[in-house]
Structure formats: structure tokens, C-alpha cells
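Novice: For the sequence shown, this note's numbering begins at 1 and goes up steadily by one.
Ideal Cβ placement from N, Cα and C applies to all residues, glycine included.
Structure below; questions to follow.
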Amino acid sequence: MKSVALTQGAVALVDDDDFARVSLHSWSLHSKGYAAAKINKIVVKLHRFVMNAPVGKPIDHINQNKLDNRKSNLRYCTPEQNSANIDYPQKNNKCGARGVSLKKGRYVAQIRLDGKPVHLGYFNDIESASKAYKDAKRQKEKQLWQK
């Protein structure tokens, strides 16, 4: 494993066998937290560069670290699989737990399956609602990656 220096003091990780090819370019920290470089006037993200990813083919960072670009941490996926591997809440989430919202003084857990919201229940505390979401998410991920 080798480290690639980025702008703003950030560091990205790549496999030893990718380091020479990666080092031919100047990499910076992209606004969304990815490592990126301008190659032939096109902005290319490091994980796509390492995987030689075709346009339109999503790549997932298994450990959710956008700067860990070792091949063992990258996998091709569908857009649904990619979005399922996110643990942080959406920007408009006011309670701070992914898949949980507050309605009329109770916590509501829900998850999306096949693009449709699925109600998981009402809960008196955020921990129980969050656990229900995480349990459902684990089941969903098992099914997604078996396809």
C-alpha cells in the first residue's frame, strides 16, 4: 500500500502496483471528498482511474472511505448497491440518524426497497428506530449483493 499526497494535506491510498501509474498525475482533494486529477482536460476520480472504469459504471468504496483506493476496497456495483452502502444521514435529516425521522413526537424508521419507501415502525427513542433501520439495511445489502 502506498500513499498519494493530495491538496489540502489529504492523503489517498493505492495499491503498490498502481502507484507508478497514479504518480504520473497531480491529484487533489475533490469538493465531494474524492481524490481527482485533470487528465487530458477531463476531471477523473482516482477510484475510477485505478479500476479503469467505463463511463456510467458505478464503483463502490466498500469501507466508505473515499480516499482508500486500494482494489480490495473497490467494487463495481449498481447505483442501488452504491447508495445502499452509505451510513451518514441525508443533509435534510434533522434527527441525525439515517433512515429515521421525527413525526408527532415519535421516531419513524423507513427504508427504500426497489425505489419505494417501506415503513419499519414508530419508536419512542432514536436508538430503537436507528436499530430497526440498520437491521433492515443489512438484510437489503445481503439481497443486493447476491444478485
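1) Please report the distance separating the alpha-carbon of Leu-113 from that of Val-100.
2) To test your reading of the DSSP string, which unbroken alpha helix (DSSP H) runs of 4 or more residues are found completely within the segment 34–77?
3) CB-CB under 7 Å to Ile-164, same chain, minus the five flanking residues each way: which ones, in chain order?
4) On the DSSP bridge list, what partners appear for Arg-167?
5) Measure how close the beta-carbons of Ala-20 and Trp-27 come, nearest whole angstrom, since I'm counting them as under 8 Å.
6) Can you tell me whether Gly-121 is helix, strand or coil according to DSSP?
7) Return the chain-ordered list of same chain residues with a C-beta closer than 7 Å to the C-beta of Met-1, the five sequence neighbours on each side being excluded.
8) For Gln-110 versus Leu-120, is the C-beta spacing smaller than 8 Å?
9) Could you tell me the boundaries of the alpha helix (DSSP H) in which Ala-84 lies?
10) Taking 8 Å as the threshold (C-beta atoms), are Ile-62 and Asn-73 in contact?
Specialist: Let me spell this out:
1) Taken atom to atom, the span from the alpha-carbon of Leu-113 to that of Val-100 is near 15 Å.
2) The qualifying runs are 46–51.
3) Residue 164 lies beyond the stretch modelled for the chain, which goes from 1 to 147, so this question has no answer here.
4) The first residue shown for the chain is 1 and the last is 147, placing residue 167 beyond what the model contains.
5) Incorrect: roughly 14 Å between the Cβ atoms, too far for contact.
6) Per DSSP, reduced to three states, the secondary structure at Gly-121 is strand.
7) For Met-1, where only same-chain residues beyond five positions count, the Cβ hits under 7 Å are Leu-13, Asp-15, Asp-16 and Arg-70.
8) In contact: Gln-110 and Leu-120 (Cβ atoms closer than 8 Å).
9) Element bounds for Ala-84: 79–84.
10) Their beta carbons are under 8 Å apart, which means Asn-73 touches Ile-62 by this criterion.
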